[in-house]
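Student: Here the protein sequences come in this chain order: A and B. Residue numbering for the first sequence follows my numbering, beginning at 99 and increasing consecutively. Residue numbering for the second sequence follows my numbering, beginning at 330 and increasing consecutively. Supplied in structure tokens, the structure appears directly below.
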Amino acid sequence: MKKLLFAVLFSAGALLFSLSARAQVLVIANPSVKSADVTKSDLRDVFTGAASSFKDGSHATPVLLKSGAAHEEFLSTYVGKNDTAFRASWRSLVFSGQATMPKSLDSDAAMVDYVAHNAGAVGYIAKTSPHDGVKVLAVQ
Amino acid sequence: MRRMWLGWLILLGSMTAAAQSIDDLNIQIHGYATQGFLYSTNNNIFTTTSSNGSPAWTEAMINLTSVPTPKLRIAVQARYFLLGSFGNSIILDWAAADYKVNERFGVRFGKVKTPWGLFNEIQDIDPAYMWTLLPQGIYELDDRESYMTHYGGVVYGTIGAGKAGKLEYRAWAGEGYYSFSNGAFIDQAETGYNLPRNIQGPLYGGALHWKTPVTGLMVGASDLTDNTWTAPITYQNGSTFVTGTHTTVANSQPNYFAIYEKGKWLAAFEYERAWVHVTSVFPTLPSGFFLTRQDDRTEYGMISYKITPKLTAGVYDSQDTNRAAPLGPGRYSKDWAISGRYDFNSFLYAKAEEHFIEGTNLGYDLTLNSNLKPNTNLTALKIGVTF
């Protein structure tokens, strides 16, 4: 019984941790993207180069942060890779002629500015960062 | 040797530009360079003197990509390649324009990668995978130039299949070539038979990749067909010099494969049948007809695990049998490989791999292996930088 209780508590803790971690990143898009929400699967396809549009037909161009907590968290939560593996997979697409490396930006402010001014751009920032001029996408 | 250093210098120079986008022109520059080391216990492999330890395995590559419009991409890639007595030159790896209309249809044309099998498009892109050597029965390091690209086009797209997942298709056609300075032709040249130029001719094929509803599981098949290709061939032995015709009879190469990625695990399987029927005819020579038949059946299974974010380890078993060869070690090649890769950061990595090879169907250079042994262990080390 004690083991069962421990397992339930551990699972609940892990779930809470997972939800709070996910809540630390905002997925943002240029207002040209029609949907207000995307699935995790759609987001992964766009950020791994498997798709260049969302299911609603909106063109989607992934934009990356160069580093930082929001970057690491976005990759682990929505793409399932660390930075090294993620960039290696993009390089394999570039070197085999199948894609272009996504643009990488230095800061949340640069990300918001770029996404706001480029049709189809999709990126991510820390939840606490200002994000005027961009659309926040809910990830299902 | 000077060319090797030139290749490194070009890449290091480019790295100072640090993989940057040239924003106004929407141009990107990327590249990588690797240096390998081979040591084998018995036979010398890949035309190197690996039984003494050989560093004659260097690659450097640079890629330039421009995106004039969101749907159009133009790119060119050049490569320096040295492996034993192969290469030691800079070649145009591929150069293509890609127009993607939508998810369902895109077209790529120029000198393009030929997308057969599970790994052909990336078999020469060392930073893309953990293995130092991909299974050699299918992805032959010393014969890859002839199979990686073709002149022509590829159409591609992804079709949603609802709850059944997604279906990716690729179809290609154009002109392929077997490089006269590559693969089996090196052995052939050493015995006096030379090809003054590449053998080339029409090819076509298609591939289907089914991304199943099981997240991370892809199952696929491809088929590559070459029409009959002919080229002039010469034979020289002392004062004897004759010309003839070399013919590779129309053939097809089917591949069946699956890959499963989940969390830190990756598992893959592939089967290929490759049969080749080659004739060389010298009309002025008595008995001037030579026939070579090969019927290789190759399969491998591989599994890898990411132990830490920087360290990955894996193992594969590969078996290749030439059903057209007489019984004996020359008929097969069995290769167990244990492998590891360490990424120091996003730019620098190192690989180490040990192979336990039985049989001699890998295609050893006979002038470097006058006393060919049935078994060889091979240690392959590599360090790479990419940007």
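Where a beta carbon is used, it is the ideal one built from N, C-alpha and C, also for glycine. Being a predicted model, the structure only gives us computed values, none of them experimental.
1. Using CA atoms only, rank isn't needed, just tell me which of B:Val571, B:Leu393 and B:Glu388 is closest to Ala362 of chain B.
2. Counting only the same chain and skipping the five closest in sequence on each side, list residues whose C-beta sits under 6 Å from that of His684 of chain B.
3. Considering only DSSP beta bridges, list what His157 of chain A is partnered with.
4. State the beta-bridge partners of Met390 of chain B as determined by DSSP.
5. With a 10 Å radius around its C-beta and 16 neighbouring C-beta atoms as the bar for buried, classify Ala236 of chain A as buried or exposed.
6. Distance cutoff 8 Å, beta carbons only. Does Met390 of chain B sit that close to anything in chain A?
7. Report all residues from its chain with a CB closer than 7 Å to the CB of Leu697 of chain B; omit the five preceding and five following residues, and keep chain order.
8. Please tell me whether Pro464 of chain B has its Cβ less than 8 Å away from any Cβ of chain A.
9. Would you mind telling me which residues of chain A sit closer than 9 Å to Lys429 of chain B, beta carbon to beta carbon, in chain order?
10. In chain A, which residues lie less than 8 Å from Gln406 of chain B when you measure between Cβ atoms?
11. Give a yes or no on whether the C-beta atoms belonging to Asn214 of chain A and Gly231 of chain A are separated by under 8 Å.
12. Can you have a look at Thr420 of chain B and say buried or exposed, based on whether 16 or more other CB atoms are within 10 angstroms of its CB?
13. Using the Cα positions of Leu710 of chain B and Phe514 of chain B, report the straight-line distance between them to the nearest angstrom.
14. Measure the C-alpha to C-alpha separation of Arg602 of chain B and Gln648 of chain B and round it to an integer number of angstroms.
15. Taking Ser633 of chain B and Thr627 of chain B to be in contact with their CB atoms under 8 Å, please state how far apart those CB atoms are, rounded to whole angstroms.
16. Tell me whether Asn674 of chain B is buried or exposed, calling it buried when 16 or more other Cβ atoms sit within 10 Å of its Cβ.
17. Run through the DSSP bridge pairs and tell me what Lys440 of chain B is partnered with.
18. Would you identify the three-state DSSP class for Asp694 of chain B, choosing helix, strand or coil?
19. Between Ala158 of chain A and chain B, is any beta-carbon pair separated by less than 8 Å?
20. Let me know the secondary structure DSSP gives Ala207 of chain A once reduced to three states.
21. Give a yes or no on whether the minimum CB-CB distance between Asp211 of chain A and chain B is below 8 Å.
22. Quick one, which residues of the segment 166 to 183 of chain A are near chain B if we go by CB-CB under 9 Å, in chain order?
23. Between which residues of its own chain and His169 of chain A is the CB-CB distance below 6 Å, once the five residues before and five after are set aside?
24. CA-CA distance, His157 of chain A and Asn128 of chain A?
25. Am I right that Thr689 of chain B and Ser668 of chain B are in contact with their C-beta atoms under 8 Å? What's the rounded C-beta distance?
26. With three or more C-beta pairs closer than 8 Å as the rule, is the segment 409 to 420 of chain B touching the segment 429 to 439 of chain B?
27. Any C-beta of chain A within less than 8 Å: which residues of the segment 480 to 505 of chain B qualify?
28. For Val237 of chain A, list the residues DSSP reports as bridge partners.
29. At the level of alpha carbons, what is the spacing between Thr559 of chain B and Leu620 of chain B?
30. Could you have a look at Leu462 of chain B and say whether DSSP puts it in helix, strand or coil?
31. Could you compute how far the alpha carbon of Thr637 of chain B sits from the alpha carbon of Ala587 of chain B?
Tutor: On the basis of the supplied data:
1. Position 33 of the second sequence, counting from 1, holds the residue named residue 362 of chain B. For Ala362 of chain B, the nearest C-alpha among the options comes from B:Glu388.
2. Taking the first residue of the second sequence as 1, we reach residue 684 of chain B at position 355. Excluding its 5 nearest sequence neighbours in each direction, His684 of chain B has C-beta neighbours in its own chain below 6 Å: Asp664, Ala666 and Leu707, listed in chain order.
3. Along the first sequence, read from residue 1 onward, the residue named residue 157 of chain A stands at position 59. In the DSSP output, where bridge partners are listed per residue, His157 of chain A has A:Ser151.
4. Reading the second sequence from its first residue, position 61 is the one you call residue 390 of chain B. As DSSP reads the structure, Met390 of chain B sits in a beta bridge with B:Tyr361 and B:Arg408.
5. Residue mapping note: residue 236 of chain A aligns to position 138 of the first sequence, counting from 1. Within a 10 Å sphere around the beta-carbon of Ala236 of chain A sit fewer than 16 other beta-carbons, which makes this residue exposed.
6. Counted from its first residue, the second sequence places residue 390 of chain B at position 61. True, the Cβ-Cβ gap to chain A drops below 8 Å.
7. To locate residue 697 of chain B, count along the second sequence from 1; it is residue 368. In its chain, beyond the 5 residues on either side, Asn373, Thr376 and Thr378 have a beta carbon closer than 7 Å to the beta carbon of Leu697 of chain B.
8. The residue labelled residue 464 of chain B in the question sits at position 135 within the second sequence. At a cut-off of 8 Å, the C-beta of Pro464 of chain B has no neighbouring C-beta in chain A.
9. Your numbering for residue 429 of chain B matches position 100 in the second sequence. The CB of Lys429 of chain B comes closer than 9 Å to the CB of Ser150 in chain A, given here in chain order.
10. Sequence index remark: in the second sequence, residue 406 of chain B carries index 77 (1-based). For Gln406 of chain B, the chain A residues whose Cβ falls inside 8 Å of its Cβ are Phe193 and Gly195, in order along the chain.
11. Counting from 1 along the first sequence, the entry for residue 214 of chain A is found at position 116. Counting from 1 along the first sequence, the entry for residue 231 of chain A is found at position 133. Per the sequence shown, the amino acid found at residue 214 of chain A is Ala instead of Asn. In this structure, Gly231 of chain A lies closer than 8 Å to Ala214 of chain A by Cβ.
12. Residue 420 of chain B sits at position 91 when you count from the first residue of the second sequence. For clarity, residue 420 of chain B is Ile in the given sequence; the question names Thr instead. The residue is exposed, with fewer than 16 neighbouring Cβ atoms inside 10 Å.
13. Translated into the one-based positions of the second sequence, residue 710 of chain B becomes position 381. Translated into the one-based positions of the second sequence, residue 514 of chain B becomes position 185. So the two alpha carbons sit approximately 27 Å from each other.
14. Taking the second sequence and counting its residues from 1, one reaches residue 602 of chain B at position 273. Taking the second sequence and counting its residues from 1, one reaches residue 648 of chain B at position 319. Going by C-alpha positions, Arg602 of chain B is about 12 Å away from Gln648 of chain B.
15. Walking along the second sequence from the start, residue 633 of chain B turns up at place 304. Walking along the second sequence from the start, residue 627 of chain B turns up at place 298. Here Ser633 of chain B is actually not in contact with Thr627 of chain B; their C-beta atoms are around 20 Å apart, not less than 8 Å.
16. Sequence index remark: in the second sequence, residue 674 of chain B carries index 345 (1-based). By the neighbour-count rule (16 or more Cβ atoms within 10 Å), Asn674 of chain B is not buried but exposed.
17. Counting from one through the second sequence, the residue named residue 440 of chain B turns up at place 111. In DSSP, Lys440 of chain B forms a bridge with B:Ala424 and B:Tyr480.
18. Translated into positions along the second sequence, residue 694 of chain B becomes position 365. Of the three classes helix, strand and coil, the one that applies to Asp694 of chain B here is coil, per DSSP.
19. Locating residue 158 of chain A in the first sequence gives position 60, where the first residue counts as 1. The beta carbon of Ala158 of chain A does not come within 8 Å of any beta carbon belonging to chain B, so the residue lies off that interface.
20. The residue given as residue 207 of chain A occupies position 109 in the first sequence. Ala207 of chain A falls in the helix class under three-state DSSP.
21. Counting from 1 along the first sequence, the entry for residue 211 of chain A is found at position 113. Closer than 8 Å: no.
22. Contacts with chain B (Cβ-Cβ distance below 9 Å) from the segment 166 to 183 of chain A involve Gly178, Asn180, Asp181, Thr182 and Ala183, listed in chain order.
23. As a first step, residue 169 of chain A is located in the first sequence; it is residue number 71 there, counting from the start. Cβ within range, chain order: Leu163.
24. On the first sequence, residue 157 of chain A is found 59 positions in, with the first residue counted as 1. On the first sequence, residue 128 of chain A is found 30 positions in, with the first residue counted as 1. Distance from the CA atom of His157 of chain A to the CA atom of Asn128 of chain A, rounded to whole angstroms, is 10 Å.
25. On the second sequence, residue 689 of chain B is found 360 positions in, with the first residue counted as 1. On the second sequence, residue 668 of chain B is found 339 positions in, with the first residue counted as 1. Contact between Thr689 of chain B and Ser668 of chain B is ruled out by a C-beta separation of about 22 Å, above the 8 Å threshold.
26. With a cut-off of 8 Å, the segment 409 to 420 of chain B and the segment 429 to 439 of chain B do not count as touching, because too few Cβ pairs lie within range.
27. Within the segment 480 to 505 of chain B, the residues whose Cβ lies closer than 8 Å to some Cβ of chain A are Thr487, listed in chain order.
28. For the purposes of this step, residue 237 of chain A is identified with residue 139 of the first sequence, where counting begins at 1. As a beta-bridge residue in DSSP terms, Val237 of chain A pairs with A:Val136.
29. The count along the second sequence starts at 1 and reaches residue 559 of chain B at position 230. The count along the second sequence starts at 1 and reaches residue 620 of chain B at position 291. In a straight line, the C-alpha of Thr559 of chain B is about 14 Å away from that of Leu620 of chain B.
30. Here residue 462 of chain B corresponds to residue number 133 of the second sequence, with the count starting at 1. For Leu462 of chain B, the three-state secondary structure derived from DSSP is coil.
31. Within the second sequence, the letter at position 308 stands for residue 637 of chain B. Within the second sequence, the letter at position 258 stands for residue 587 of chain B. Those two C-alpha atoms are separated by around 25 Å.
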